[in-house]
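*Asks:*
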Amino acid sequence: MFAYNSDRHWERFGAQDPYYGVLVENDYKSANLSDESRARFFQSGATYVDSAIALVRSKLDAGFRPRSALDFGCGVGRLAIPLAGLAEQVTAIDVSPAMLEEARKNCAARGVTNVSFGVSDDSLSAAPGPFDFVHSFIVFQHISAGRGAALAREILNRLSPGGVGLLHFTYGKDSFKRHVTRFLQTRAPFGRQLINVARGRAWSYPAMQMNDYNLNRLFRMLQEEGIEDVTSRFTNHGGHLGVMLCFQKPAAAAGALPKRSAA
């Protein structure tokens, strides 16, 4: 039976094309990466974090400034670095040791000392928490939905009462063609390799899995934590439709639903 291992492919991105693995633009491929494109890459991260925190402050907490933050799927540190300017301590985790090594170098080059890194696993053992802020952007889309939902539950379990969450998920595609491409990449023998050849890539170039999540299940999960209000912001990245969910965990989960399996 054909099997797709997203962790293995992500580690290959970390070793071959770490910046392109985070943001899919030709300028960020290792062969094209320059000082100018690298600076633009990190500026995009700072701009995103400014926008994300502005959303939290406008909708949830005008004075929001967390002591502890979790960046799930940190990649090369594009968002962990600006988050380090906001929080006292940032825990940044990723499944790719190669990505983490690059992130450490990027922090050191900028004098950032309040970020700790760890290899992510399904129990988030490298991030015991608790955290005042849990964050993930353009990460869950690369994880199968069942596994990702269980990881989201682990993240919510680590969010302190009164803490804020900002989690991004993809839920659909804007064309049938993208569904076919995903099937070929993840289910069909040699489908990924044939797509690589058609796109002018090496036969063995890693695949970037794009998964859709059931928003009903995600909202149920949030409600089980006693969360009553969720602010959503829609995204469309290359035809992959997504939503950023912004919420605050109540100090006491009086209205929480009984928990059930996230799968």
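Number 131 in the UniProt record's numbering belongs to position 131 of the sequence shown; there are no gaps in the numbering.
For glycine and all other residues, C-beta sits at the position ideal for the given N, C-alpha and C.
Just so it is clear, the structure is predicted and the values come from calculations on it, not from any experiment.
#1: Is it true that the stretch 119-136 meets the stretch 144-160, where meeting means three or more beta-carbon pairs spaced less than 8 angstroms apart?
#2: Alpha carbon to alpha carbon, what distance is there between Asp-61 and Ile-138?
#3: What's the call for Arg-128, buried or exposed, on a 16-neighbour Cβ count within 10 Å?
#4: Can we say the stretch 38-46 touches the stretch 80-87, given the rule of at least three CB pairs closer than 8 angstroms?
#5: How many Å lie between Leu-215 and Val-115 at the Cα?
#6: Taking only the alpha-carbon atoms, compute the straight-line gap between Glu-225 and Glu-154 and give it to the nearest angstrom.
#7: Since Ser-37 contacts Asp-27 with CB under 8 angstroms, what's their CB separation in whole angstroms?
#8: According to DSSP, simplified to helix, strand and coil, what is Asp-35?
#9: Starting from the N-terminal side, write out each stretch of the beta strand (DSSP E) that is 3 residues or longer and does not extend beyond the stretch 81-162.
#10: On a Cα-Cα basis, can you pick out the residue from Val-76, Ala-126 and Ser-125 that is closest to Ala-108?
#11: DSSP puts Ser-232 in a beta bridge; with which residues?
#12: Which residues mark the beginning and the end of the alpha helix (DSSP H) in which Leu-23 is found?
#13: Exposed or buried, which one is Glu-88 when buried takes at least 16 other CB atoms within 10 Å?
#14: Which value, in whole angstroms, describes the spacing of the CA atoms of Asn-211 and Pro-250?
#15: What is the C-beta distance between Tyr-213 and Ala-145, in whole angstroms, given that I count them as a contact (C-beta under 8 angstroms)?
#16: Could you check where the beta strand (DSSP E) with Phe-72 kicks off and where it finishes?
#17: Give me, in chain order, the residues of the same chain whose beta-carbon lies closer than 6 angstroms to that of Thr-231; leave out the 5 immediate sequence neighbours on both sides.
#18: Would you mind giving the Cβ-Cβ distance between Leu-166 and Met-221, rounded to the nearest angstrom? I have them listed as a contact below 8 angstroms.
#19: In the DSSP output, which residue or residues are listed as bridge partners for Val-76?
#20: Here's the rule I'm using: 16 or more other beta-carbon atoms within 10 Å means buried, otherwise exposed. How should Gly-14 be labelled?
#21: Classify Gly-172 as helix, strand or coil using the three-state DSSP reduction.
*Replies:* According to the data block:
#1: At 8 angstroms Cβ cutoff, the stretches touch.
#2: For Ile-138 and Asp-61, the distance between alpha carbons rounds to 24 angstroms.
#3: In the sequence under discussion, the amino acid at residue 128 is Pro, which differs from the Arg named in the question. Looking at its Cβ environment, which holds fewer than 16 other Cβ atoms inside 10 Å, Pro-128 is exposed.
#4: Contact holds: three or more Cβ-Cβ distances are below 8 angstroms.
#5: Straight-line spacing of the CA atoms in Leu-215 and Val-115 works out to 31 angstroms.
#6: So the alpha carbons of these two residues sit roughly 12 angstroms apart.
#7: Confirmed, Cβ separation roughly 4 angstroms.
#8: The three-state reading of DSSP puts Asp-35 in helix, counting H, G and I together.
#9: List check, beta strand (DSSP E) in window: 89-94, 115-119 and 131-136.
#10: Nearest of Val-76, Ala-126 and Ser-125 to Ala-108, Cα basis: Val-76.
#11: Beta bridge pairing from DSSP links Ser-232 with Leu-245.
#12: Unbroken run through Leu-23: none, as it is neither H nor E.
#13: Classification of Glu-88: exposed, given that the 10 Å Cβ count is below 16.
#14: Rounded to the nearest whole angstrom, the CA to CA distance from Asn-211 to Pro-250 is 30 angstroms.
#15: With a beta-carbon spacing of about 5 angstroms, Tyr-213 and Ala-145 fall inside the 8 angstroms limit used to define contacts.
#16: Phe-72: member of the beta strand (DSSP E) spanning 68-72, first to last residue.
#17: Here the set comprises Lys-59 and Cys-246.
#18: Here Leu-166 is actually not in contact with Met-221; their C-beta atoms are around 15 angstroms apart, not less than 8 angstroms.
#19: Val-76 has no beta-bridge partner at all, per DSSP.
#20: Looking at its Cβ environment, which holds 16 or more other Cβ atoms inside 10 Å, Gly-14 is buried.
#21: Reduced to three states, the DSSP call for Gly-172 is strand.
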